[in-house]
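>
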Amino acid sequence: MAGQRINVMEIRTLISLKQKGWSNRKIADYIKVNRKTVDSYMTRFKALELSWEALFQLEDAELADLFTEDSQTEKERYETLAGYFSYFEKELLKPGCTLGALHQEYLFKHPDGYRYTQFCWHIRQWNKRSTPGGKLLHKAGDKLYVDFCGDKLSYIDKTTGELKAVEVFVAVLPCSQYTFVKAVSSQKREDLITCLSSCLQWLG
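Taking this note's numbering, I'd label the letters of the sequence shown as residues 3 to 206.
#1: What residue from Trp54, Thr45, Lys48 and Leu198 has the CA that sits closest to Thr15's CA?
#2: How should Val183 be labelled, buried or exposed, when 16 other C-beta atoms within 10 angstroms of its C-beta is the threshold for buried?
#3: Within the stretch 47-85, note down every full alpha helix (DSSP H) run reaching 4 residues or more, in order along the chain.
#4: Among the candidates Leu205, Gly206 and Glu169, whose CA atom is the shortest distance from the CA of Leu194?
#5: Taking 8 Å as the cut-off, is the beta-carbon of Ser188 closer than that to any non-hydrogen atom of the ligand GDP?
#6: Tell me where the beta strand (DSSP E) around Val183 begins and ends.
#7: Is it a yes or a no for the stretch 104-114 touching the stretch 78-94, going by three-plus beta-carbon pairs under 8 Å?
#8: Return the CA-CA distance between Leu83 and Asp159, expressed in angstroms with no decimal places.
#9: DSSP beta-bridge partners for Val170?
#10: Assuming Thr100 contacts Glu64 under a Cβ cut-off of 8 Å, what Cβ separation, rounded to an integer in Å, is found between them?
#11: Using the Cβ count rule (16 or more neighbours within 10 Å means buried), how would you classify Leu60?
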């Protein structure tokens with residue numbers, strides 16, 4: 003990272019002062035570092051896509067880990083993580099898989115690896131680079147996306163006490179993100195038609 007290195011307490015002070023609306027120059031004068039140092043930290047903060055509150059709540063070790071020098075060790079650590087990106091992408095498509103679970107799996111094999119916040123940041127950056135750019139523009143009321151969720155839900159029948167599984171139908175208007183959800187007993191045509199009818203009536 004360009005500029006001076008500052009310790010964790012100074013990083014916390016920097017975050018706190020930025021929350022209060024201080025300029026980078028004023029913060030630099032207060033913690034007695036050059037402005038380019040503050041600028042470089044602010045650039046990294048912005049890239050992390052975390053709120054000031056979320057950054058401030060990180061533990062000292064994790065906060066310091068976000069600003070590791072670009073050394074050979076750091077390069078090797080990143081290359082190790084990068085080797086898992088394609089695997090992570092496939093695993094995240096599986097029902098119930100989370101970044102938290104993948105991070106624990108990664109740390110089990112690499113105890114000196116990235117902590118959770120930086121782990122997630124690197125994965126987000128990789129996704130941005132590997133996903134084609136461009137936004138999909140939707141007209142209001144032009145499309146309705148429908149599907150059944152992958153995992154079934156269940157409820158207890160109050161009369162019999164029996165646990166009953168249900169399929170979950172979801173419909174989304176992509177322009178507004180307006181969402182309709184309905185539980186039915188199956189994904190058969192009759193239930194699908196019932197869901198679509200209920201959805202269209204609800205949307206008006």
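Even glycine gets a Cβ: it sits at the ideal position worked out from N, Cα and C.
From the atom records:
#1: Trp54
#2: exposed
#3: Listed in chain order, they are 54-58, 62-67 and 74-84.
#4: Glu169
#5: Among the components of this structure there are no ligands whatsoever, and the ligand GDP is therefore not found.
#6: Tyr180 to Val186
#7: Enough Cβ pairs lie closer than 8 Å, so yes.
#8: 47 Å
#9: Answer by DSSP bridge pairing, in chain order: Ala185.
#10: Rounded, the Cβ-Cβ distance is 18 Å, inconsistent with contact.
#11: Buried: at least 16 other Cβ atoms inside 10 Å.
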